[in-house]
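Quick notes on the structure that follows.
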Amino acid sequence: MFTKTWLKAALIRAVRTFAEAALAYIGTGAVVLGDVNWLGALSAGAFGAVTAILLALAGLPEAEKEA
Numbered sequence: 052m053f054t055k056t057w058l059k060a061a062l063i064r065a066v067r068t069f070a071e072a073a074l075a076y077i078g079t080g081a082v083v084l085g086d087v088n089w090l091g092a093l094s095a096g097a098f099g100a101v102t103a104i105l106l107a108l109a110g111l112p113e114a115e116k117e118a
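Heads up, the sequence shown is in this note's numbering, so the first residue is 52 and it goes up one at a time.
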């Protein structure tokens with residue numbers, strides 16, 4: 052299960068989830084960069100990335116195809 056292919060797929064998924072969660076937190080309410088609560092956005096992104104890694108433990112279709 053913990054092969055190079057699995058690790059690569061899990062990290063790609065975690066980075067994508069980090070970006071999606073951070074962008075969702077920022078939302079459309081911020082008019083300028085100063086309006087963004089960066090600590091909150093980074094925190095939401097980190098939580099999303101950790102969740103993605105934990106969900107990857109159940110299995111990744113990308114890694115199973117190549118195995």
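We treat Cβ as the ideally placed atom computed from N, Cα and C, and that holds for glycine. Remember, predicted model here, so these are calculated numbers, not experimental data.
{"Asked": "Just the Cα atoms here: how many angstroms apart are Ala95 and Lys116?", "Found": "30 Å"}
{"Asked": "What residue range does the alpha helix (DSSP H) around Phe69 cover?", "Found": "55-77"}
{"Asked": "Taking C-alpha atoms, which residue in Trp57, Leu74, Gly80 lies nearest to Gly99?", "Found": "Leu74"}
{"Asked": "How would you label Leu111, buried or exposed, when you count the other beta carbons within 10 angstroms and need 16 or more for buried?", "Found": "buried"}
{"Asked": "Which word fits Thr54, buried or exposed, when buried means at least 16 other C-beta atoms lie within 10 angstroms of its C-beta?", "Found": "exposed"}
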